[in-house]
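Below: one structure, written as structure tokens.
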Ligand SMILES: [Zn+2]
Ligand SMILES: [Zn+2]
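Numbering (my numbering), first residue to last: 6 to 156.
So this is what it looks like as structure tokens:
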């Protein structure tokens, strides 16, 4: 059999067949081991992600620290870094919703600094980029700015 080049990287020798089904149409690729490993990983990630998103946030439990949405709602704190992954879609909504409320209150209470909006956007950004340490610091800062008690 003639040596074929990988159809993804066009660089290494293809040793595997990779089948993708999109909209009922089967397409097969000849790919190398390197690209196959990448595809397998990506696929596993997507599967895990889909499985997680299939469960509503209020029924999820962090596999690392056992945090739930209930414990998060009660304390406003997440137990560990993994929590950011487990509840990420909820957190984005939470931050957005919170942000709306802050803006609304801000109209009547001049004590709310104008840049808090920017900070919330930054926070959502940091969570997205998985900069958890910075996100946690920023969250504390926002809490202080809002006059909340720091713990
Ligand atoms: Zn390849
Ligand atoms: Zn956790």
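Just so you know, even glycine gets a beta-carbon here, dropped at the ideal spot from N, CA and C.
- Item | Cα-Cα separation between residue 64 and residue 56, rounded to whole angstroms | Along the chain shown, one-based indexing puts residue 64 at 59. Along the chain shown, one-based indexing puts residue 56 at 51. Straight-line spacing of the CA atoms in residue 64 and residue 56 works out to 13 Å.
- Unbroken stretches of the alpha helix (DSSP H), 4 residues or longer, contained in the stretch 27-106: With a minimum length of 4 residues, the unbroken runs of alpha helix (DSSP H) contained wholly in the stretch 27-106 fall at 38-59, 74-80 and 86-91.
- Item | Residue range of the unbroken alpha helix (DSSP H) whose run includes residue 129 | Mapped onto the chain shown, residue 129 falls at position 124. Residue range 121-133 is occupied by the alpha helix (DSSP H) that includes residue 129.
- Quick one: using the 10 Å Cβ neighbour count with 16 as the cut-off for buried, is residue 115 buried or exposed? Looking up residue 115 in the chain shown gives position 110. Because the pLDDT of residue 115 is 44, which lies under 50, any placement of that residue in the model is unreliable, and the question is left without a value.
- Task: Kindly indicate which residue of 68, 13 and 69 has the alpha-carbon position closest to the one of residue 22.
- Result: Position 17 of the chain shown, counted from the first residue, corresponds to residue 22. When each option's Cα is compared against that of residue 22, the closest is 13.
- Do we get a CB-CB distance below 8 Å when we pair residue 56 with the residues of chain D? Absent from the structure: chain D. Only one protein chain is present.
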